[in-house]
Amino acid sequence: MALSTLHAPAPQWLSRVRFVLVGTSHPGNVGAAARAMRVMGLRELVLVAPRSERVARHPEAVARASGALDVLENAVVADSLAQALAPCSLAVAVSADTREFGPAPQPPEEIAALAFAEASADASARVAFVFGAERNGLSIEAVGQCQRVCSIPGGTDYASLNLAQAVQIVAYCLRAHERLHSPAPPAASASPAASASPAASASPAASA
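Going by the working numbering, the sequence shown opens with residue 1, and the numbers climb by one from there.
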């Protein structure tokens with residue numbers, strides 16, 4: 001596969017997707033999450049009730065962002081999850097916990113397809129992916145404010161991912177869905193030498 005098909009500008013629908021981090025306590029995780037988002041073409045970061053309102057400007061966050069400063073600088077701090085989700089038509093809770101009630105967990109590949117369908121169908125649509133705090137994840141109340149639950153498959157004995165790792169996996173699945181379901185680029189036309197007829201390209205000795 002050509003490198004040009006792997007690296008391309010972010011599709012427009014990804015600009016309608018926001019990542020919401022709830023109760024984040026470690027500045028480094030905010031910076032690493034911003035970097036993971038930016039690589040995949042996602043730029044809208046919302047921080048709900050972080051331990052510090054200036055967490056996105058913390059030196060560790062800036063260092064871990066590794067150049068994705070536009071995501072940090074434009075990050076919005078919201079007082080509540082309801083405020084962060086207000087403009088969104090689809091909210092997805094990213095959680096490793098399986099609960100008896102609520103939507104059945106779906107893998108990120110399936111959720112990516114739903115997000116694509118929602119965000120690409122209407123320019124006014126907004127999709128949110130909600131991630132919990134490092135220590136306790138998302139509360140039952142937070143999950144209850146979302147229409148879908150995304151669970152990243154893992155081991156049965158240990159399924160807890162670092163916050164930024166979870167952000168990276170979900171962001172990649174969103175970008176990969178776009179690449180895998182976009183029309184294939186037209187095949188390159190054959191060169192004149194390759195398309196020449198065998199008779200025309202035969203040597204005098206061969207045609208004697």
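Glycine residues also receive a C-beta, built at the ideal position from the N, C-alpha and C atoms.
Residue i, DSSP secondary structure in three states
i      : result
Cys150 : strand
Glu44  : strand
Arg64  : helix
Gly137 : strand
Arg18  : strand
Ala32  : helix
Gln145 : coil
Leu161 : coil
Pro183 : Below a pLDDT of 50, predicted positions are generally treated as unreliable, and Pro183, at 49, falls in that range; the measurement from the model is reported next regardless. Three-state DSSP puts Pro183 in coil, outside helix and strand.
Ala93  : strand
Short Cβ contact (9 Å threshold) for residue i with residue j
i      : j      : result
Ala93  : Cys150 : yes
Pro27  : Ala56  : yes
Gly102 : Val143 : yes
Leu85  : Cys146 : yes
Cβ-Cβ separation, residue j to residue i (assumed contact under 8 Å), whole Å
i      : j     : result
Leu114 : Val22 : About 21 Å separates the two Cβ atoms, so there is no contact after all.
Gly31  : Arg64 : 3 Å
Ile152 : Ala96 : 7 Å
Residue burial classification, residue i (beta-carbon count within 10 angstroms, cutoff 16)
i      : result
Pro107 : exposed
Glu118 : buried
Ile140 : exposed
Arg135 : exposed
Asn74  : exposed
Alpha carbon of residue i to alpha carbon of residue j, nearest angstrom
i      : j      : result
Cys88  : Leu47  : 15 Å
Ala91  : Pro59  : 31 Å
Ala159 : Phe129 : 19 Å
Ala104 : Val39  : 29 Å
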